[in-house]
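One structure below.
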Amino acid sequence: MRTGAPASAGTTTPAGRMAALARAELTLLSRTKATLFAALFVPLVLPFTLRSAVDEMDLDGTGLSVGSVLLPSAIGFSLLFAVYSSLVTVYAARREELVLKRLRTGELRDSEILAGAALPSVAIGLVQCVVLSAACAALLDLGVPQAPHLALVGLLLGLVMWPALAAVVSSFSRSVEGAQVAAMPLLLISMLASGTLVPLEILPDRLASLCELLPLTPVVTLIRGGWTGDLSAYDALGAVATAVAWIVLAVFAVRRWFRWEPRR
Amino acid sequence: MNQHEHVIEVTDLRRVYGGGFEAVRGITFSVDRGELFALLGTNGAGKTSTVELLEGLAPPAGGSARVLGHDPYEERSKVRPRIGVMLQEGGFPSELTVSETVRMWAGCTSGARPTGEALELVGLGRRSGVRVKQLSGGEKRRLDLALALLGRPDVLFLDEPTTGLDAEGRQETWELVRELRDGGTTVLLTTHYLAEAEELADRLAILHEGRIAASGTPAEVTASQPSRITFELPDNYFLGDLPPLAELGVTDHDTDGRTVRLRTHELQRTATRLLLWAERARVELRGLDVRSASLEEAFLRIAREAAGTSASSSGAEMATDAQGSRDGTKAGNAKAGKGTAA
Chain H
414 MRTGAPASAG TTTPAGRMAA LARAELTLLS RTKATLFAAL FVPLVLPFTL RSAVDEMDLD
474 GTGLSVGSVL LPSAIGFSLL FAVYSSLVTV YAARREELVL KRLRTGELRD SEILAGAALP
534 SVAIGLVQCV VLSAACAALL DLGVPQAPHL ALVGLLLGLV MWPALAAVVS SFSRSVEGAQ
594 VAAMPLLLIS MLASGTLVPL EILPDRLASL CELLPLTPVV TLIRGGWTGD LSAYDALGAV
654 ATAVAWIVLA VFAVRRWFRW EPRR
Chain A
838 MNQHEHVIEV TDLRRVYGGG FEAVRGITFS VDRGELFALL GTNGAGKTST VELLEGLAPP
898 AGGSARVLGH DPYEERSKVR PRIGVMLQEG GFPSELTVSE TVRMWAGCTS GARPTGEALE
958 LVGLGRRSGV RVKQLSGGEK RRLDLALALL GRPDVLFLDE PTTGLDAEGR QETWELVREL
1018 RDGGTTVLLT THYLAEAEEL ADRLAILHEG RIAASGTPAE VTASQPSRIT FELPDNYFLG
1078 DLPPLAELGV TDHDTDGRTV RLRTHELQRT ATRLLLWAER ARVELRGLDV RSASLEEAFL
1138 RIAREAAGTS ASSSGAEMAT DAQGSRDGTK AGNAKAGKGT AA
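Line order of the protein sequences matches chains H and A. Its first residue numbered 414, the first sequence is counted upward by one per residue in my numbering. Its first residue numbered 838, the second sequence is counted upward by one per residue in my numbering.
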């Protein structure tokens, strides 16, 4: 963990500063048991509780298998719980303790503060995705991805999008508890309507096309398409565009509305 | 940077908050290298709002702030590595230990001191393994100071650095700040402890409602204020029985029952003539209290004048503060009074 964190003399670099902050955040995460539990176990356990439901789904004619339904869902849950939900709490907690304000008096740039604080959660999300992919491949006969580049693009977009959305959502609350409540709507909508619990392929067309505009949907679509290999270039580009639009929107909102100090 | 330039230069600085509240209403001052400048004021006077602009946490609504020749907000990356900041209230994750906090901050600070050295500097060496949430209020202030000093800054911003410290801790912090100042560090300090400003400041400004009500060296600020003589009229004497007050050099007076309060800019002359009169008249001036102007007097007077008759809540708080110290100095004044009389 000593990488890039200059302990003594020398001018700091963005990477070094973010590493120092990320290390502290990792320490803090390891001491907040509730957040750690939600981040580590929920995304790993939840998909397997869904398995019986997926087994009973009528997947004939959708080109989907149990594995290609479950894995993108699992990765979606990982983004929602390990990244988004825990980061909403982290940002709100640091703001309430005036940590964000204090950090802003130092050499860190604003973007470095937000990114550095997000790094441990993003890393956990990434590791979970790798573990889940390996587990699904081994246990559900999913095999290797047919278009790995799509899955990779989907994952990377998700890992940028959800910290940014977490920062936006955390701005609309006055306390850590309030932030956890504020995180719920997007969390629930994403679980229900982004193809995680129910594949969009078995929804009515009009509802499905509405659901495609949600932030988690393009991530799930790209990852699923990466494994099945039957996502058309047109659909893939559409998903990437939707994801990029959400990222741009979230970054804009952060720059415009992110609160560095508690409301008093 | 040119050696002769001011390290901090503030010109007609303004700050307006979202709701339209104008916290800083056009203030101007400068601080030279190695100088310790104190911003004094009641709560809500605009001290913190001013310091935050100099720290580059927000852009000014008008006027300009320069720190080390740069705009602290627009040119953050040029200013930040050379300044140290202590905010009014901590800002550390409560679940990190003291040394973890310093280590994190060191990773974000150019030319940081080793953790142990920084903690020794503020007397927290033995508390390095303790979680921040278990520190006392005073210890948290020391930790904050350690972080402000971590990068050996050229300019130090200290926002109420000794609030919550006990008397000993306050002395130690003063000693440390003085050493840094003597080493060439420029210090901008805010405080509502008048003694702290009197003790430390080379120059100071008293803020009231976002404006500078008085500024200069502590001696200059107090010199503009009158000294005071208080005594009880002897039995069967009236104010008119005293020598003509103008002849005594009295500029202003008031009475409260039999207690007379005289104000003068020529304390020695007024006191001498008053005491000579009492000697000749063979009367005893009971409760005699002769007091030269102090920063506290100056401060209270300025706060009173500016506030008019309506005591704002912040003014009332300050007055309570001052009341406490006034009670505390009563014994000392009595002694001083005797000394003058003898």
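For glycine and all other residues, C-beta sits at the position ideal for the given N, C-alpha and C.
Neighbour flag for residue i against chain A, beta carbons, 8 Å
| i | result |
| --- | --- |
| Glu469(H) | no |
| Val512(H) | yes |
| Arg444(H) | yes |
| Glu520(H) | yes |
| Leu441(H) | yes |
| Ala437(H) | yes |
| Ala433(H) | yes |
| Arg668(H) | no |
| Thr425(H) | yes |
| Gly639(H) | no |
| Arg517(H) | yes |
| Arg430(H) | yes |
Top-ranked residue by Cα proximity to residue i, from the options
| i | options | result |
| --- | --- | --- |
| Ala1115(A) | Asp991(A), Ser1131(A), Asp849(A) and Asp1072(A) | Asp1072(A) |
| Phe461(H) | Thr424(H), Pro675(H), Val661(H) and Ala548(H) | Ala548(H) |
| Pro998(A) | Arg989(A), Pro897(A) and Ala985(A) | Ala985(A) |
| Thr655(H) | Leu629(H), Gly642(H), Arg668(H) and Gly638(H) | Leu629(H) |
| Glu1133(A) | Gly927(A), Ala1051(A), Asp869(A) and Phe874(A) | Ala1051(A) |
| Gly368(H) | Ile488(H), Glu525(H) and Leu563(H) | Absent from the structure is residue 368(H), since the part of chain H shown begins at 414 and ends at 677. |
| Cys542(H) | Leu610(H), Ala528(H) and Val458(H) | Val458(H) |
| Leu1113(A) | Gly927(A), His907(A) and Leu1085(A) | Leu1085(A) |
| Val479(H) | Asp554(H), Gly608(H) and Arg522(H) | Asp554(H) |
| Leu697(H) | Arg668(H), Leu650(H) and Gln593(H) | Absent from the structure is residue 697(H), since the part of chain H shown begins at 414 and ends at 677. |
| Val455(H) | Leu434(H), Tyr497(H) and Phe490(H) | Phe490(H) |
| Arg444(H) | Arg968(A), Glu1012(A) and Asp1039(A) | Arg968(A) |
Contacts around residue i, its chain only, beta-carbon distance under 7 Å, and the 5 residues preceding and following it disregarded
| i | result |
| --- | --- |
| Ala943(A) | Ala949, Thr952 and Leu987 |
| Gly960(A) | Arg979 and Glu1009 |
| Ala531(H) | Leu500 and Pro576 |
| Thr946(A) | Leu987 and Gly988 |
| Glu525(H) | Pro427, Arg430 and Met431 |
| Thr1088(A) | Pro1063, Arg1100, Thr1101 and His1102 |
Neighbourhood of residue i by C-beta distance below 6 Å, restricted to the same chain and skipping five residues each side
| i | result |
| --- | --- |
| Thr634(H) | Ala652 |
| Ser1064(A) | Thr1101, Leu1104, Ser1129 and Ala1130 |
| Leu924(A) | Asp996 |
| Arg1048(A) | Arg862 |
| Gly1006(A) | Gly975 |
8 Å Cβ cutoff, residue i in contact with chain H
| i | result |
| --- | --- |
| Glu1154(A) | Note that Glu1154(A) scores a pLDDT of 38, beneath 50, so its modelled location is shaky; the value from the coordinates is reported in the next line. Chain H contact via Cβ: absent. |
| Pro918(A) | yes |
| Thr1157(A) | Legend: pLDDT at Thr1157(A) = 34, less than 50; position of this residue unreliable, value from coordinates given subsequently. No, because no Cβ of chain H sits closer than 8 Å to the Cβ of Thr1157(A). |
| Gly928(A) | yes |
| Gly948(A) | yes |
| Leu1017(A) | no |
| Gly944(A) | yes |
| Thr1146(A) | Summary for Thr1146(A): the model assigns pLDDT 41, below 50, so the residue's position carries little reliability, and this model does not support an answer. |
| Val922(A) | yes |
| Glu911(A) | no |
| Arg851(A) | no |
| Ala902(A) | no |
| Ser931(A) | yes |
| Glu892(A) | yes |
| Glu937(A) | yes |
Same chain, Cβ closer than 8 Å to residue i, neighbours up to 5 away in sequence not counted
| i | result |
| --- | --- |
| Val664(H) | Ala577 |
| Leu627(H) | Ile602, Ser603, Ala606 and Ser607 |
Delimiting residues of the alpha helix (DSSP H) encompassing residue i
| i | result |
| --- | --- |
| Ile602(H) | Val589 to Ala606 |
| Phe866(A) | Premise fails: Phe866(A) lies in the beta strand (DSSP E), Glu859 to Val868, not in any alpha helix (DSSP H). |
| Ala1042(A) | Unbroken run through Ala1042(A) is the beta strand (DSSP E), Arg1040 to His1045; no alpha helix (DSSP H). |
| His687(H) | Since the first residue shown for chain H is 414 and the last is 677, residue 687(H) is missing from the structure and cannot be characterised. |
| Asp618(H) | Asp618 to Cys624 |
Range of the contiguous beta strand (DSSP E) that encloses residue i
| i | result |
| --- | --- |
| Phe450(H) | That residue, Phe450(H), is in no beta strand (DSSP E); its alpha helix (DSSP H) goes Lys446 to Leu453. |
| Leu876(A) | Leu873 to Gly878 |
| Ala901(A) | Checking the sequence, you will find Ser at residue 901(A) rather than Ala. First-last of the beta strand (DSSP E) with Ser901(A): Gly899 to Val904. |
| Ala1050(A) | Arg1048 to Gly1053 |
CB contact check: residue i to chain C, cutoff 8 Å
| i | result |
| --- | --- |
| Thr655(H) | No chain C appears in this structure, whose protein chains are H and A. |
Between the region 870–880 of chain A and the region 501–511 of chain H, do three or more beta carbon pairs fall short of 8 Å? Contact between the region 870–880 of chain A and the region 501–511 of chain H is absent: fewer than three C-beta pairs spanning the two stretches fall below 8 Å.
Inter-stretch contact at 8 Å, needing at least 3 Cβ pairs: the region 660–674 of chain H / the region 507–517 of chain H: yes
Assess, as a yes-or-no matter, whether the region 608–624 of chain H is touched by the region 526–544 of chain H under the definition of 3 or more beta carbon pairs within less than 8 Å. no
Count the C-beta pairs between the region 920–934 of chain A and the region 440–451 of chain H that are closer than 8 Å, then say yes if the count reaches three, no if not. yes
Assess, as a yes-or-no matter, whether the region 630–649 of chain H is touched by the region 561–570 of chain H under the definition of 3 or more beta carbon pairs within less than 8 Å. At 8 Å Cβ cutoff, the stretches touch.
When you compare the region 593–612 of chain H with the region 518–526 of chain H, are there three or more beta-carbon pairs, one atom per stretch, that lie closer than 8 Å? no
May I ask you to verify whether the region 954–968 of chain A touches the region 1023–1037 of chain A, counting CB pairs closer than 8 Å and requiring at least 3? no
Count the C-beta pairs between the region 580–589 of chain H and the region 640–651 of chain H that are closer than 8 Å, then say yes if the count reaches three, no if not. Because the criterion of three Cβ pairs below 8 Å is not met, the region 580–589 of chain H and the region 640–651 of chain H do not touch.
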